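Inspection log for the structure reproduced underneath, given as structure tokens.
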Amino acid sequence: MDVKPRQITPREQGLLKMVADGLMSEVRLRESSRDVIHRTRIIEQDLAHARSVQRFLLPPAARSGPGFIVTHAYHPFDAIGGDFLDVFLRDDGSVVVLVADVSGHGASAALTSAMIKTVFLRAAASINGPAELLTAVNRELAPGAGDGRFATAVGIVMHADGTAQLAAAGHPPPILLRKGHQKPCSSPLTITPQLPLLIDDGSEYMSDLTLKMSPGERIIAYTDGAIEAINEEGKFLEISGLQEILCRRADSEPHPPERFVRDVVHDLRQYASRGLHDDLALVCLQHV
Amino acid sequence: MLTAQIPANENERLAELDRLELMIAQPDVAFDRVTAELAHVFDVPVSMMSLIGRETCFYKSAFGLPEELDATRTVPRGISMCGHVVHSGQMMVVPAADEVGGAVLRGNAADI
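Those sequence lines, one after another, are chains A and B. FYI, in our numbering the residues of the first sequence are 2 to 289. FYI, in our numbering the residues of the second sequence are 6 to 117.
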């Protein structure tokens with residue numbers, strides 16, 4: 002038994018008090034850390050579920066109808082993305098494609114893209130052209146869009162005979178990929194810029210371009226994540242770089258159509274050696 | 006030794022203790038470093054960080070405990086000096102637990 006009497010000075014008492022306070026701070030800090038970890042796990046589980054839902058909302062990897070095959074790739078930057086793509090086959094044999102890019106990333110952008118899908122599915126069956134589709138999406142969603150939220154989009158309606166109508170709302174131009182060894186192998190399609198969606202609910206969009214595709218020709222619609230891929234030197238891929246990739250991969254056929262978009266995305270990832278820093282959606286609409 | 010009185014906020018205190026998940030007997034380097042350093046600074050053979058549960062006093066961290074007590078790190082609350090500190094809510098200085106504390110503290114678990 003320790004029987005040595007001790008005296009403790011006020012200063013030593015102060016020191017003990019400081020130590021006790023420090024221990025309590027440590028305890029509280031651990032509690033906060035546990036809380037943060039717990040909440041983070043819940044958010045991660047939530048996001049994983051949301052990611053599954055978002056993938057479920059995507060169309061099948063390849064869809065075909067009389068005169069066309071549509072394939073796509075979708076890669077969100079975060080667990081879920083604000084890019085949107087969908088494909089709708091109509092009873093008259095035509096196909097409607099919409100590719101959109103909601104500003105921002107993450108859950109709020111993903112929710113907006115999910116809302117675009119609801120309008121798309123409702124409107125796609127009855128619209129006369131892609132401009133009507135853009136107008137419908139904008140009219141229904143612009144009033145509820147938050148401050149600063151907007152979406153760029155390109156709509157395409159392609160008929161069984163290869164006639165394609167396009168309209169765009171502030172979106173990068175789709176690329177026409179020719180078949181065989183025609184020169185030039187590819188060209189960006191010139192579409193008059195129109196206001197992005199969700200900014201003005203009174204906007205009326207125009208169908209700006211109609212073109213007749215030959216069998217084997219493809220239209221590639223994409224979001225800016227594709228052309229804003231950055232390489233080691235900090236250089237953007239840009240549209241010309243994407244054209245090079247498309248032509249190179251087109252030359253290396255024959256491939257199943259789904260393989261083509263996979264290979265293109267592979268090359269985009271190779272270019273962006275430090276990883277893509279934006280959502281990426283890419284659709285290939287081929288006339289057959 | 007007189008058993009310490011139960012503080013008025015006992016239920017809330019125990020609920021908080023439970024929520025903090027501290028009554029777990031596992032090595033804790035951060036706390037053990039503190040108790041060891043305090044023993045050295047104050048030149049005492051034993052230093053402990055105690056948590057007072059409903060029935061027990063649990064030494065979350067301790068330096069210099071006899072082997073048998075170090076293995077369990079637990080004593081009945083009724084013979085714990087720390088129960089008096091919890092009741093008073095203030096620092097308590099006991100120069101010689103077996104003498105000065107007299108009837109109140111003699112026989113406490115720290116009489117080692």
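For glycine and all other residues, C-beta sits at the position ideal for the given N, C-alpha and C. All values derive from a computational prediction rather than experimental measurement.
I'd like to know if residue i contacts chain B, where contact means its C-beta is closer than 7 Å to some C-beta of that chain.
i: A:Val28; result: yes
i: A:Ile43; result: no
i: A:Glu32; result: yes
i: A:Pro11; result: no
i: A:Arg40; result: no
i: A:Arg7; result: yes
One question on the structure: do residue i and residue j come within less than 7 Å of each other, judged by their Cβ atoms?
i: A:Asp84; j: A:Ala282; result: yes
i: A:Pro131; j: A:Ser208; result: yes
i: B:Ser52; j: B:Phe63; result: no
i: A:Leu199; j: A:Ala152; result: yes
i: A:Glu205; j: A:Thr136; result: yes
i: B:Arg78; j: B:Leu19; result: no
i: A:Ala349; j: A:Glu259; result: Past the edges of chain A, shown from 2 to 289, lies residue 349 of chain A, and the structure says nothing about it.
i: A:Val155; j: A:His172; result: yes
i: B:His89; j: B:Pro12; result: no
i: B:Gly94; j: B:Thr8; result: no
i: A:Thr57; j: A:Asp279; result: Thr is not the amino acid found at residue 57 of chain A; the sequence shown has Phe there. No, these two residues do not count as a Cβ contact at 7 Å.
i: A:Pro257; j: A:Asp202; result: no
i: A:Ala161; j: A:Gly94; result: yes
i: A:Asp87; j: A:Pro61; result: no
i: A:Val1; j: A:Leu90; result: The requested residue 1 of chain A does not occur in the structure, where chain A is confined to residues 2 to 289.
i: A:Leu134; j: A:Met116; result: no
Using a Cβ-Cβ distance under 7 Å, would residue i count as near chain A?
i: B:Leu25; result: yes
i: B:Ala13; result: no
i: B:Gly106; result: Reliability fails at B:Gly106, whose pLDDT of 49 lies under 50, so the model's placement of it is uncertain and the value that follows must be treated cautiously. Not one chain A Cβ lies under 7 Å of B:Gly106.
i: B:Asn16; result: no
Am I right that residue i and residue j are in contact with their C-beta atoms under 8 Å? What's the rounded C-beta distance?
i: A:Ser114; j: A:Ala101; result: 7 Å
i: A:Gly220; j: A:Leu177; result: Gly is not the amino acid found at residue 220 of chain A; the sequence shown has Ile there. Rounded, the Cβ-Cβ distance is 6 Å, consistent with contact.
i: A:Ser215; j: A:Arg150; result: Contact flag wrong, Cβ pair sits at about 39 Å.
i: A:Cys285; j: A:Val266; result: Wrong, their Cβ atoms sit about 11 Å apart, outside the cutoff.
i: A:Gln8; j: B:Pro50; result: Rounded, the Cβ-Cβ distance is 17 Å, inconsistent with contact.
i: B:Phe47; j: B:Ser66; result: Not a contact, Cβ separation roughly 15 Å.
i: A:His39; j: A:Gly163; result: Contact doesn't hold; Cβ gap of about 56 Å is too wide.
Determine which residues of the region 82 to 103 of chain B have a Cβ less than 8 Å from any Cβ of chain A, and write them out in chain order.
Met96, Val98, Pro100, Ala101 and Asp103
For the region 31 to 50 of chain B, list every residue whose C-beta sits within 9 Å of some C-beta in chain A, in sequence order.
Ala35, Phe36, Val39, Glu42, Leu43, Val46, Phe47, Asp48, Val49 and Pro50
For the structure I just gave you, are there three or more beta carbon pairs, one from the region 221 to 241 of chain A and one from the region 17 to 30 of chain B, closer than 8 Å?
no
Flag this pair as touching only if the region 250 to 270 of chain A and the region 191 to 205 of chain A have three or more C-beta atom pairs under 8 Å; answer yes or no.
no
Could you say if the region 61 to 71 of chain A and the region 265 to 281 of chain A meet the contact criterion of at least three C-beta pairs nearer than 8 Å?
no
At a Cβ cut of 8 Å, what residues of the region 49 to 77 of chain B count as close to chain A, listed as they run along the chain?
Val49, Pro50, Val51 and Met54
Are there three or more Cβ pairs, one per stretch, closer than 8 Å when the region 106 to 121 of chain A is compared with the region 166 to 180 of chain A?
no
What are the residues of the region 12 to 25 of chain A that lie near chain B, defined by any Cβ-Cβ distance shorter than 9 Å?
Glu13, Gln14, Leu16, Leu17, Lys18, Val20, Ala21, Gly23 and Leu24
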